[in-house]
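>
In this note's numbering, the protein residues as written are 49 to 119.
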C-alpha cells in the first residue's frame, strides 16, 4: 500500500523527529509540507512550528515538531 505524504510525515514526527520543507522534499518528495501540517492539525494533532535561520543567514524557515501528549 502506498503511503500518503500525510502518513509519511506523521510517522516521521511520531518517531520524535522534526521536519523542515527541505527535509520533506528529500525524504518523501513532498513539496507541500505546509498543507500536510495543516491537515494534521485539522485531524487533531498538535504540531508546533519553530522558525530558524537559514544556513546562509538570509531569511528563515519553519521546522515542525509533533507535541508529545503524556498520559
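Beta carbons are placed, not taken as given, at the ideal position from N, Cα and C, and that holds for glycine.
Give me the Cα-Cα distance between residue 72 and residue 57, rounded to the nearest whole angstrom.
Their Cα atoms are separated by approximately 8 angstroms.
> If I'm right that residue 88 touches residue 54 with Cβ under 8 angstroms, what's the distance once you round it to whole angstroms?
Correct: roughly 6 angstroms between the Cβ atoms.
> Inspect the beta-carbon positions of residue 66 and residue 111 and report whether they are closer than 9 angstroms.
Cβ atoms of residue 66 and residue 111: closer than 9 angstroms.
> Buried or exposed: residue 84, going by 16 or more other Cβ atoms within 10 Å of its Cβ?
Under this definition residue 84 is a buried residue.
> On the CB-based measure, 16 or more other CB atoms within 10 Å of its CB, does residue 109 come out buried or exposed?
Counting Cβ neighbours within 10 Å, residue 109 comes out exposed, since fewer than 16 surround it.
> Taking just the CA atoms, how far does residue 90 sit from residue 115?
Looking at the two C-alpha atoms, the distance is approximately 14 angstroms.
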